[in-house]
Amino acid sequence: MVIGGDAAGMSAASQARRMRGPDELEIVAFERGHFSSYSACGIPYWVGGEVAGRDELIARTPEEHRERSIDLRMRTEVTELDVAGGRVRSRELDTGTEVWTSYDKLVIATGARPVRPRIPGIDAPGVHGVQTLDDGQALLDSLAATQGRRAVVVGAGYIGVEMAEALIRRGYEVTVVNRGPEPMSTLDPDMGRLVHESMTGMDITMVDDAEVTKILTGDDGRARAVATTSDEYPADVVVLGIGVRPETSLARSAGLPLGEHGGLLTDLAMRVRGHENIWAGGDCVEVLDLVSGRERHIALGTHANKHGQVIGTNAGGGYATFPGVVGTAVSKVCDLEIARTGLREKDARRAGLQYVSATIESTSRAGYYPGAAPMTVKMIAERRTGRLLGVQIVGREGAAKRVDIAAVALTAGMTVDQMTALDLGYAPPFSPVWDPILVAARKSSAAVRRG
Ligand SMILES: Cc1cc2nc3c(=O)[nH]c(=O)nc-3n(C[C@H](O)[C@H](O)[C@H](O)COP(=O)(O)OP(=O)(O)OC[C@H]3O[C@@H](n4cnc5c(N)ncnc54)[C@H](O)[C@@H]3O)c2cc1C
């Protein structure tokens, strides 16, 4: 039995089905929404008009799952989990019908819920989240219904900056209101500053260090401005991208173990700790950060799909583990690419690690090759040992996915000195003869030697 019909849940169901045929394993899945196996990651590009339509974001429809003998029950919410009795209570949202269903093996893949500050006006028409395909459609309908052209995005994490791009593409004047000192708090502030400057250069109004206090509404009840601790910003539409929390209310009520970030705690096989026949994965769990050794909550589709694969293998009678993450993430706003992996300076300090950092400027291609674009790479290494701790990259085309080199180096536990000799590919259209990652590794290695 699977609760949650998106990335983690349906990956688990599909993998379990690959392992065991319908005669050996019955699979029932519950999804309270209208869609299964959809890509929330694509919503900003759908809203921005780069992806033609909603259906392109659906990897597998409920009918396609059912063809694979997965009994996927849509618009059906699991309202109670009885662990001792091995059963769940579900409610068909359109009819109100409630039933208890027993399970032998349970997969919890309930995802995350967006943070929605409890401020006046937050539920007014014209204020939109972007968590689900229904949210995306509601936002597009709202954009079509309004005459005005001013949008305020609340939150400057990756969803906030991606939505800023989407609204720019739609021809809106965009203001991004951000609680922190710089956008993209997953970067160090010096790298966040580069994002701020670039976004300002795209005619996006960046408001930092501002807490939203109220959504002001017009006579028609619709949002007309966002009030913050510093000022008021007119808005014909407001988009919220303030972050998410694990959706673990069912698990909490059932007494399952939760970590300090509110996510379910699992072992390496993604089995809920202390529960032989319950697995959990995706945005509702905490993951082990392989660099700091701590549990973190990182809501990313890339993890959710891998968790599902591991869970499906194990629930299907095989064996697989998910070792943990190094914290790799990429995003973009217009032509600016943003990437990070591993620890920021403050993460290293919090983990009690002493470190050196080095920042370099380079280009995406050989300087003489057409289209060479600037790129800033920041590298953090442990003092004395030189172990790579983290990398952040801000630049234009070709910048973001370079972070994958660092993700591999982190996973392998390499030192920055070892990285200087990495045999990376080179030809002028792809990189300078010294790739920016190699230049950063050399500078970091020198900083380690200096102590
Ligand atoms: C705008 C946006 C952009 C993103 N971009 C990226 C990106 O570029 N890269 C990346 O890696 N990640 C990205 N993500 C994150 C990614 O979409 C999520 O990490 C991923 O969807 C998590 O999958 P999941 O299955 O754990 O949870 P979800 O996708 O949230 O699915 C959980 C499902 O469970 C259902 N559910 C919950 N409770 C119940 C219940 N009690 N009964 C029945 N059903 C229930 C929900 O309706 C939901 O469909 C983005 C997310 C958003 C919102």
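In terms of my numbering, the sequence shown has 10 at position 10, counting the first letter as 1, and numbering is strictly consecutive.
C-beta: ideal position from N, C-alpha, C; glycine also.
The model shown is predicted, which means the values in this text are computed figures rather than measured ones.
At a Cβ-Cβ threshold of 9 Å, A156 and M206 count as neighbours.
By the 16-neighbour rule on beta-carbons within 10 angstroms, G221 is exposed. With at least 16 other beta carbons inside 10 angstroms of its own, E382 counts as buried. The Cβ-Cβ distance between A399 and A329 does not fall below 9 Å. The secondary-structure analysis by DSSP pairs Y172 with nothing; it has no beta-bridge partner.
Counting only runs of 3+ residues, the beta strand (DSSP E) found wholly inside the stretch 63–111 occupies 70–74, 76–82, 87–92, 98–102, 106–108, in chain order. Under the three-state reduction of DSSP, S39 is assigned to coil, being neither helix nor strand. P117 counts as exposed, since fewer than 16 other beta carbons sit within 10 angstroms of its beta carbon. DSSP places V28 inside the beta strand (DSSP E), whose first and last residues are 27–31.
Of I380, Y369, D435, the smallest CA-CA separation from K401 is found for D435. Counting along the chain, E345 sits inside no beta strand (DSSP E); it lies in the alpha helix (DSSP H) bounded by residues 345–350.
Sorting R296, V448, R365, G111 by C-alpha distance to the C-alpha of A280 places G111 at the top. Where V403 is concerned, there is no enclosing beta strand (DSSP E), although the alpha helix (DSSP H) around it starts and stops at 403–411. Excluding sequence positions up to five before and after A409, its CB lies within less than 7 Å of the CB of L388, M419, all in the same chain and listed in chain order. Pairing R296 with L336 gives a Cβ-Cβ distance that is not under 9 Å. It is roughly 21 Å from the alpha-carbon of C41 to the alpha-carbon of G263. Contact between the stretch 160–167 and the stretch 64–84 is absent: fewer than 3 CB-CB pairs across the two stretches fall below 8 Å. About 13 Å separates the beta carbons of A223 and A138, which is beyond the 8 Å limit, so they are not a contact pair.
For Q15, the secondary structure class from DSSP, reduced to helix, strand or coil, is helix. Shown here for T200: same chain residues with a beta carbon closer than 6 Å to its own, the five before and five after excluded, namely M206 in chain order.
In this structure, the straight-line span from the alpha carbon of T302 to that of A348 is close to 24 Å. According to the DSSP assignment, M419 belongs to the alpha helix (DSSP H) that extends over 416–419. At the C-beta level, V325 and I298 come within 9 Å of one another. For the options V448, V416, I393, the alpha carbon positioned closest to that of M191 is the one of I393.
Placement of the Cβ of T76 at a distance of less than 8 Å from at least one heavy atom of ligand 1 is found.
In this structure the stretch 253–261 does not touch the stretch 169–186; the number of beta carbon pairs closer than 8 Å is below three. Under the 8 Å Cβ criterion, the stretch 14–33 counts as touching the stretch 70–83, having at least three qualifying pairs. A distance criterion of 8 Å places the beta-carbon of P120 beyond contact range of ligand 1, judged by its closest non-hydrogen atom.
Relative to ligand 1, the nearest heavy atom lies less than 8 Å away from the CB of R32. For V403, the closest alpha carbon among the candidates A427, T411, I437, D23 is that of I437. Within the chosen limit of 8 Å, ligand 1 does not reach the beta carbon of L139 with any heavy atom. Listed in chain order, the alpha helix (DSSP H) elements of length 4 or more contained wholly in the stretch 419–451 are 436–450. Counted as a single uninterrupted DSSP element, the beta strand (DSSP E) harbouring G390 occupies residues 388–395. Of the heavy atoms belonging to ligand 1, at least one sits nearer than 8 Å to the Cβ of L300.
Counting along the chain, A372 sits inside no beta strand (DSSP E), nor does DSSP assign it H or E at all. For D208, DSSP records no beta bridge to any residue.
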